[in-house]
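**Q**
2 protein chains.
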Amino acid sequence: MKLTCYPFDLLFSEVFAVSSNARTSTEVIYVELTYKNFTGYGEASFPPYMKEKRNLNLAFLKKLDLTRFESPFEIKNIWEYMDQMSAGYLPAKCAIDIALHDLLGKIAGLPLNKQLGLYSNKPIETTFTIGIGNSEFIERQLHKSAPFKKLKIKLGADLIYNKITIEHLKSKTTKPFGVDFNQGLANKEDAIEMITFLNSMGVLYIEQPLPESLLDNFLWLKDQSPIPIFGDESFQTAADIIRLHTYFDGINIKLMKCGGISKALEMASIAKNLGLKLMLGCMAESSCAVTAASQIASLFDEVDLDGNLIVANDPFTGIQIIDGIISANELNGCGFVKN
Amino acid sequence: MKLTCYPFDLLFSEVFAVSSNARTSTEVIYVELTYKNFTGYGEASFPPYMKEKRNLNLAFLKKLDLTRFESPFEIKNIWEYMDQMSAGYLPAKCAIDIALHDLLGKIAGLPLNKQLGLYSNKPIETTFTIGIGNSEFIERQLHKSAPFKKLKIKLGADLIYNKITIEHLKSKTTKPFGVDFNQGLANKEDAIEMITFLNSMGVLYIEQPLPESLLDNFLWLKDQSPIPIFGDESFQTAADIIRLHTYFDGINIKLMKCGGISKALEMASIAKNLGLKLMLGCMAESSCAVTAASQIASLFDEVDLDGNLIVANDPFTGIQIIDGIISANELNGCGFVKN
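Residue numbers (the numbering used here), protein chains in the order written: chain B, 1 to 339; chain H, 340 to 678.
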């Protein structure tokens, strides 16, 4: 197999702000893996708040020698090789893992979800994410979210902003919504105040209210909270689930965090059997990675795959979202085409 | 999809004895699932020491209405349907799961291991199992085991038999071997005596020395034993791994116990991430189920897939074992053909 990879900058159609930062672009890497007449594509995304950096992941990918593997049928062996090369570099490994699964499906002549036995004709709803911004911004996003049945609202450290925003939202829509703090709250007192308020607003779930470093607070919060609390930044790999499953009600699994489809499937198995609710999320990334993730969406209780909607220069076409439902295509492999 | 199923009795070429029973046959059920021009095959096996009974599993299979599923691409949905129909019946569900995976591979035109990314050109060694018997029997089995590189010796409650047998074995062969008590020892004192003796004999691992009911003893034994202790009868499903993983060093996963390939993959993920060593085992069963299991063998540290070797009237042809190495074929699906 032959690997090529190159950096690319995804440009957003507008500013995207969460508790830790606001930005208008995201750095990614694309990989292309060729086997016989087939090409598999993969993507690694690098939001600025992640520890992983693009230049180092690119260097890792350049060091890989995949010519030593005859075919994409050796995903397990290729993971062992990558992990022996170096720990970490999970976005780069994710890109390779997506490309390998894309190849597998293309060779089999099947969409990946069918190949994995995960096909379902039950509609898969995805949420529309609304970042942090002023009231005009929120109104504009609400307008954009019209076709979606469910929302995810980003909140942060400022309790007054949080309350005004949610009250504003509730005055404009009756759609169910969850809330994501991205570790934004300062302490458990703020967290419990927010949980009490959000519960009165009928919120579906709360995601990562506190920094991952405040671990003990999560145990206390989970006990106090009438609303399920999902961990996102607290969970990267399967080992984190083993360590932390009692601290949360649910887990947000993202291909970019854990290393792609192989690892997301593994984490979903472990988390489900440890009693966690499963959310499938994404970073700001193009239709390449988002569509790959959609192939395993039927395993999850909550799906939040809208990371590509803000991208103005998406080099791929994949899933379309129609009335808030992921509309799968019948393309072989991961379900995307390079434009 | 259309399901047919029928009972069959596997007859052994000689008596097979373990700590709890001796027998010359095993009851099985075969299932056949048709989708378009493809037929997928599966098997459920019922060794007498298992709680599951053939007549009840056959009744469960007869109740299933798989015509409600359009294709074998819905393995996840079919599992939900089967589990809603009734808990348990894992051999029956295993047979369906094998047949579904056989169909998936046949449709994709790929051996299942390739389709799952588990292909490896690293040779997979399997052990030859020697049941309980007198010294002539042991000699005869040793002769039969000549092509194998590794042995698994069944022992039982009788400490004198155990010692004589192992000393006899050691005088005849230098091959590495593990020992399986099938819950045969009476108490932890006997267990520690056996472990001390077996350690002096260089045994690789000890499997299920005590009944699963003596749970606390396993924690103590694991702490005392210089030899890794694998659980078999103690583990049936993923929930057992969550509950018991600290009590053992390893787990023996069998398709028949857990419900087939879907469940074995899930259990392997969970067990590995909880630090357990992985053994892939089988019941006395035909080349249908044994060959299906071999498709995922590359995930395991120890492989013990010789359940078909004792069967005199095997209705399937699948893996061949050459010099103790599983010789994979290039057949699509699970890798067997009905004779």
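Virtual Cβ for every residue (Gly too), placed ideally from N, Cα, C.
Let me know the secondary structure DSSP gives B:Phe46 once reduced to three states.
**A** Here residue 46 of chain B refers to the residue found at position 46 of the first sequence. Of the three classes helix, strand and coil, the one that applies to B:Phe46 here is strand, per DSSP.
**Q** Starting from B:Ala293, find everything on chain H with Cβ-Cβ shorter than 7 Å and list it in chain order.
**A** In the first sequence, residue 293 of chain B corresponds to position 293, counting from 1. What B:Ala293 touches in chain H: nothing, since even the nearest Cβ is about 16 Å away.
**Q** Which residues share a DSSP beta bridge with H:Gly589?
**A** For the purposes of this step, residue 589 of chain H is taken as the residue at position 250 of the second sequence. Looking at the DSSP assignment, H:Gly589 forms a beta bridge with H:Phe569, H:Lys616.
**Q** Would you identify the three-state DSSP class for B:Glu266, choosing helix, strand or coil?
**A** Translated into positions along the first sequence, residue 266 of chain B becomes position 266. Here B:Glu266 sits in helix by DSSP.
**Q** Report the residues of the region 109–120 of chain B with a CB closer than 9 Å to any CB of chain H, ordered along the chain.
**A** Flagged, chain order: Gly109, Leu110, Pro111, Asn113, Lys114, Gln115, Leu116, Gly117, Leu118, Tyr119, Ser120.
**Q** Would you tell me roughly how many angstroms separate the C-alpha atoms of H:Gly674 and H:Ile590, rounded to the nearest one?
**A** The count along the second sequence starts at 1 and reaches residue 674 of chain H at position 335. The count along the second sequence starts at 1 and reaches residue 590 of chain H at position 251. Between H:Gly674 and H:Ile590, the C-alpha separation is close to 25 Å.
**Q** Among H:Leu604, H:Glu624, H:Thr465, whose alpha-carbon lies nearest the alpha-carbon of H:Ser666?
**A** Walking along the second sequence from the start, residue 666 of chain H turns up at place 327. H:Ser666 has its Cα closest to that of H:Thr465, out of H:Leu604, H:Glu624, H:Thr465.
**Q** H:Asn416 touches chain B at which residues, Cβ-Cβ below 7 Å?
**A** Here residue 416 of chain H corresponds to residue number 77 of the second sequence, with the count starting at 1. Within chain B, the residues near H:Asn416 are Ser120.
**Q** So, helix, strand or coil for H:Leu395, using DSSP?
**A** Locating residue 395 of chain H in the second sequence gives position 56, counting from the first residue. H:Leu395 falls in the helix class under three-state DSSP.
**Q** Is B:Gly109 helix, strand or coil by DSSP?
**A** Within the first sequence, the letter at position 109 stands for residue 109 of chain B. Coil at B:Gly109, not helix or strand.
**Q** Using DSSP with H/G/I as helix, E/B as strand and the rest coil, what is B:Val179?
**A** Translated into positions along the first sequence, residue 179 of chain B becomes position 179. Residue state, collapsed to three classes: strand.
**Q** Name the chain H residues that come within less than 8 Å of B:Ala238, Cβ to Cβ?
**A** Along the first sequence, one-based indexing puts residue 238 of chain B at 238. Ser608, Asn612, listed in chain order.
**Q** Excluding sequence positions up to five away, which residues of its chain have a Cβ less than 7 Å from the Cβ of H:Leu449?
**A** Looking up residue 449 of chain H in the second sequence gives position 110. Result list for H:Leu449: Asn671, in chain order.
**Q** Mapping DSSP to helix, strand and coil, what is H:Cys344?
**A** Residue numbering aside, residue 344 of chain H sits at position 5 when the second sequence is read from its first letter. Note: H:Cys344 maps to strand in three-state DSSP.
**Q** Of the residues that make up the region 633–664 of chain H, which ones have a beta carbon closer than 9 Å to any beta carbon in chain B?
**A** Within the region 633–664 of chain H, the residues whose Cβ lies closer than 9 Å to some Cβ of chain B are Ser637, Leu638, listed in chain order.
**Q** Would you verify that the beta carbon of H:Phe587 is, or is not, closer than 7 Å to some beta carbon of chain B?
**A** Sequence index remark: in the second sequence, residue 587 of chain H carries index 248 (1-based). Answer no: the Cβ-Cβ gap between H:Phe587 and chain B never drops below 7 Å.
**Q** When you compare only the Cα positions, how much space is there between H:Val367 and H:Ala383?
**A** Counting from one through the second sequence, the residue named residue 367 of chain H turns up at place 28. Counting from one through the second sequence, the residue named residue 383 of chain H turns up at place 44. Using only the alpha carbons, I get a separation of about 5 Å.
**Q** Nearest chain H C-beta to B:Lys96 closer than 7 Å, yes or no?
**A** Numbered from its first residue, the first sequence carries residue 96 of chain B at position 96. The amino acid occupying residue 96 of chain B in the given sequence is Ile; Lys does not appear at that position. Cβ-Cβ to chain H under 7 Å: no for B:Ile96.
**Q** I'd like to know whether the C-beta of H:Phe412 is nearer than 7 Å to at least one C-beta of chain B.
**A** Taking the second sequence and counting its residues from 1, the one referred to as residue 412 of chain H is at position 73. True, the Cβ-Cβ gap to chain B drops below 7 Å.
**Q** Might you give, ordered along the chain, the residues of its own chain that have their beta carbon closer than 8 Å to the beta carbon of H:Phe639, omitting 5 neighbours on each side?
**A** Numbered from its first residue, the second sequence carries residue 639 of chain H at position 300. Ile592, Ala607, Leu617, Met618, Leu619, listed in sequence order.
**Q** Which same chain residues end up closer than 8 Å to H:Leu350 when comparing Cβ atoms and leaving out the 5 residues on each side of it in sequence?
**A** To locate residue 350 of chain H, count along the second sequence from 1; it is residue 11. Cβ neighbours of H:Leu350 beyond the five flanking positions: Thr363, Ser364, Val650, Ala651, Asn652.
**Q** Within 10 Å of its beta-carbon, does B:Leu219 have 16 or more other beta-carbons around it, so buried, or fewer, so exposed?
**A** In the first sequence, the residue the question calls residue 219 of chain B occupies position 219. Exposed.
**Q** Give the DSSP-derived three-state secondary structure of B:Ala289 in the structure shown.
**A** Residue numbering aside, residue 289 of chain B sits at position 289 when the first sequence is read from its first letter. B:Ala289: helix per DSSP, three-state reduction.
**Q** If you drop the 5 nearest sequence neighbours on each side, which residues of the same chain put their C-beta closer than 8 Å to that of H:Arg407?
**A** The count along the second sequence starts at 1 and reaches residue 407 of chain H at position 68. Same-chain partners within the cutoff: Tyr420.
**Q** Give the residues of chain H in contact with B:Ile251, contact being defined as C-beta atoms less than 7 Å apart.
**A** Against the first sequence, residue 251 of chain B aligns to sequence position 251. Near B:Ile251 there are no residues of chain H at all, since even the closest Cβ is about 14 Å away, more than 7 Å.
**Q** Which residue from B:Asp65, B:Gly117, B:Gln115, B:Ser71 puts its Cα closest to that of B:Gln84?
**A** Taking the first residue of the first sequence as position 1, residue 84 of chain B is located at position 84. For the residues B:Asp65, B:Gly117, B:Gln115, B:Ser71, the minimum Cα distance to B:Gln84 belongs to B:Asp65.
**Q** What is the rounded straight-line gap between the Cα of H:Ile469 and the Cα of H:Phe520?
**A** Position 130 of the second sequence, counted from the first residue, corresponds to residue 469 of chain H. Position 181 of the second sequence, counted from the first residue, corresponds to residue 520 of chain H. When rounded, the distance between both Cα atoms is 12 Å.
**Q** How about H:Ile463: is its C-beta nearer than 7 Å to some C-beta of chain B?
**A** Counting from 1 along the second sequence, the entry for residue 463 of chain H is found at position 124. No, no contact with chain B.
**Q** Measuring straight from C-alpha to C-alpha, what distance separates H:Asp579 and H:Leu644?
**A** The residue labelled residue 579 of chain H in the question sits at position 240 within the second sequence. The residue labelled residue 644 of chain H in the question sits at position 305 within the second sequence. Roughly 23 Å between the two C-alpha positions.
**Q** Thinking C-beta only, is B:Ala292 closer than 7 Å to B:Ile124?
**A** On the first sequence, residue 124 of chain B is found 124 positions in, with the first residue counted as 1. On the first sequence, residue 292 of chain B is found 292 positions in, with the first residue counted as 1. Cβ atoms of B:Ile124 and B:Ala292: not closer than 7 Å.
**Q** Name, in chain order, the residues that DSSP records as bridge partners for H:Gly672.
**A** Your numbering for residue 672 of chain H matches position 333 in the second sequence. Answer is H:Pro450, bridged to H:Gly672.
**Q** Three or more beta-carbon pairs under 8 Å between the region 367–381 of chain H and the region 532–543 of chain H, yes or no?
**A** Output reads no: the region 532–543 of chain H does not touch the region 367–381 of chain H.
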